[in-house]
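Shown next, in structure tokens, is the structure this report addresses.
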Amino acid sequence: MPTTVGRRTNRLAPTSRVDRRIVVRLGVVAAVSYAAWLAIGAFGRPYNFFDMKIYHGAVLWWAGGNELYDFVAPSTTLGFTYPPFAALVMLPMSWLPVDGAGFVNALASIGALAVVLAALLRPVVDRLGWPLWFTVGIATPLAVAIEPSRETLGYGQVNLLLFALIMADMVGLRWRAKRGTHYETADSPLARFVYSGAWAGVGIGLATAVKLTPALFVAYLMLTRQWRAALTAVATTIGVTVATFGVVGEESRAYFAGVLWQTERVGAADMTANQSLAGLLARLYDSIETPGLLWLAFSVLILALGLSRAMSARADGDELTAFTLVGLTANVISPISWSHHLIWVIPAIIVLADAAVRRRDASRGLPLRGTGGPSANGVPALRPPIWYPTLTGLRHGVGALGLYLLFLISPIWPYEHQLPEVSHYQDGLFGALMENSLAIALIVLVAALPWRPGAEPAFYHDRWGRTAALAARR
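The numbers in our numbering rise by one with no breaks, and the one at position 98 of the sequence shown is 98.
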């Protein structure tokens with residue numbers, strides 16, 4: 001009997017240790033979530049679903065038989081600025097009170113963010129051996145706490161949902177390139193279609209039908225000769241837009257013939273919240289309007305730089321960095337990029353952090369992991385021992401941490417100024433730098449965000465297989 005009890009105790013002990021580990025991890029996730037909540041209270045602004053009230057009021061006004069684009073929110077000069085397709089998608093919110101619609105949008109946005117983070121972090125945690133649920137459980141509240149996410153949720157914006165649509169296409173491109181186990185073992189035509197990635201481009205098309213800036217991803221797909229995804233995106237945008245014309249033709253004509261070109265409907269270019277290149281130049285010139293020719297010249301330069309670096313990142317097998325560079329470029333060159341539009345700093349932080357880990361592993365001569373190619377003869381391909389400085393990857397790690405802290409603290413608001421009452425140079429050079437700090441960070445990222453060769457290719461490049469085989473022979 002003692003022996004039996006001893007055996008039972010030995011069998012139960014590992015389970016007990018696993019249970020304790022899960023409890024500890026759940027405690028860590030709860031602690032990080034609470035810290036994120038405190039950070040939002042400390043660094044965020046008062047949030048009352050301001051934009052959601054405009055959307056909600058507009059669709060209620062529209063549902064009542066009035067002209068959609070004639071709506072003006074009470075106590076403001078602001079109206080509905082999205083295309084009619086977005087209004088159709090938002091129409092069901094008229095059945096809810098405005099606060100209820102805001103909370104539903106917040107929950108859906110956080111859920112979408114968690115799913116995106118799971119997709120982006122999966123290759124990283126698989127390589128490092130971390131539990132995915134634990135990593136996503138920590139990453140989600142950390143991502144929610146920074147400026148773009150908390151502003152999106154607090155104002156009732158849709159940026160996280162559009163971000164999820166675009167990143168879904170990146171995952172679809174990855175699946176189509178690999179055609180892995182899920183596709184091979186799928187037991188239904190629908191599942192095989194999903195895992196085939198043949199639908200890639202639909203997300204970008206839908207996002208472009210809601211906002212115009214995602215159209216830059218279509219240009220990227222064309223430049224990288226991903227013709228099927230590009231045509232799918234274009235067909236989706238045209239299809240839903242034409243279908244919307246068929247349903248609400250009067251509103252569609254009003255939008256494309258007039259509202260689309262009324263840039264004054266969204267606010268002055270120099271407003272502190274506008275962290276695009278146009279906003280940066282307007283504030284530097286201490287003017288309500290952006291110097292047009294200067295903005296155009298720099299925009300073309302940044303557009304060429306961002307797209308060329310994105311193409312190089314993809315050619316080296318890093319589709320995530322390529323998509324991130326396109327998103328950051330769109331933020332920079334758009335005439336208006338409010339701080340809640342800057343969602344693309346989230347994958348930029350992930351890329352920088354992973355680059356730091358990868359470079360550190362490479363300096364130690366650790367196995368060549370995540371290159372997208374198979375090992376030779378079943379033996380993991382090893383990196384040849386290369387000498388690196390002791391602090392290899394430190395600058396990328398510091399860059400990831402610095403970028404996160406910048407968007408967590410968001411130093412633009414203590415130095416917010418509004419012309420003509422107060423000059424943007426009211427607080428001197430330091431104040432001007434702080435008011436433009438997020439825009440400056442975006443431009444630096446477009447120019448200097450590193451990519452990770454072979455990290456997540458959305459195509460099969462036999463160079464990775466040749467590299468692994470060569471390393472094994474050595």
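All residues carry an ideal CB built from backbone N, CA and C; glycine is no exception.
Counted as a single uninterrupted DSSP element, the alpha helix (DSSP H) harbouring Val116 occupies residues 98-128. Judged by their CB atoms, Leu142 and Ala243 are not nearer to each other than the 8 Å cut-off. Per DSSP, Glu67 is not a residue of any alpha helix (DSSP H), being assigned neither H nor E. In this structure, Leu342 is the residue among Ala447, Trp451, Leu342 with its C-alpha nearest to the C-alpha of Gln157.
The Cβ atoms of Arg176 and Ser149 lie no closer than 8 Å to each other.
Shortest Cα-Cα distance from Ile346 to any of Asp361, Arg360, Phe323, Val357 involves Phe323. Apart from sequence neighbours up to five positions away, the residues of its chain that approach Thr208 with a beta-carbon distance below 6 Å are Pro214, Ala215, Thr237, ordered along the chain. Taking a 10 Å sphere around the C-beta of Pro457, we find 16 or more other C-beta atoms and assign the residue as buried.
Gln275 counts as buried, since at least 16 other C-beta atoms from the protein chains shown sit within 10 angstroms of its C-beta.
Here the C-alpha atom of Arg45 lies approximately 12 Å from the C-alpha atom of Pro411. When secondary structure is reduced to three states using DSSP, Trp344 falls in the coil class, being assigned neither helix nor strand. Here the region 161-178 lies against the region 107-119, with 3 or more beta-carbon pairs under 8 Å apart. In this structure, the CA atom of Val104 is about 10 Å from the CA atom of Val98. Residue environment for Arg20: exposed (fewer than 16 other C-beta atoms within 10 angstroms of its C-beta).
Our two residues, Val136 and Ala118, have alpha carbons roughly 6 Å apart in a direct line. Beyond the five residues adjoining it in sequence on each side, Gly267 comes within less than 6 Å, by CB distance, of no other residue in the same chain. With at least 16 other beta carbons inside 10 angstroms of its own, Leu221 counts as buried.
Val357 and Ala400 have their C-alpha atoms roughly 11 Å apart. Here the alpha carbons of Leu438 and Val144 stand approximately 17 Å from one another. Excluding sequence positions up to five before and after Ser252, its CB lies within less than 6 Å of the CB of Pro84, Thr244, Phe245, all in the same chain and listed in chain order.
Within its own chain, the residues whose Cβ lies closer than 8 Å to the Cβ of Asp169, once the five positions on either side in sequence are excluded, are Ala200, Gly201, Val202, Gly203, Ile204, Phe217, Ala229, Ala233, listed in chain order. Listed in chain order, the non-local C-beta contacts of Glu151 below 6 Å within the same chain comprise Ser339, His340, local neighbours out to five positions each way being set aside. In this structure, the alpha-carbon of Lys53 lies about 8 Å from that of Ala73. Of the residues Phe407, Ser75, Val125, Phe430, the one whose Cα lies closest to the Cα of Ala441 is Phe407. Annotation: Val332 to Ser299 spans about 8 Å, alpha carbon to alpha carbon. Around the beta carbon of Asn436, 16 or more other beta carbons sit within 10 angstroms, so the residue counts as buried. In this structure, DSSP gives Glu435 a helical state, which the three-state scheme calls helix.
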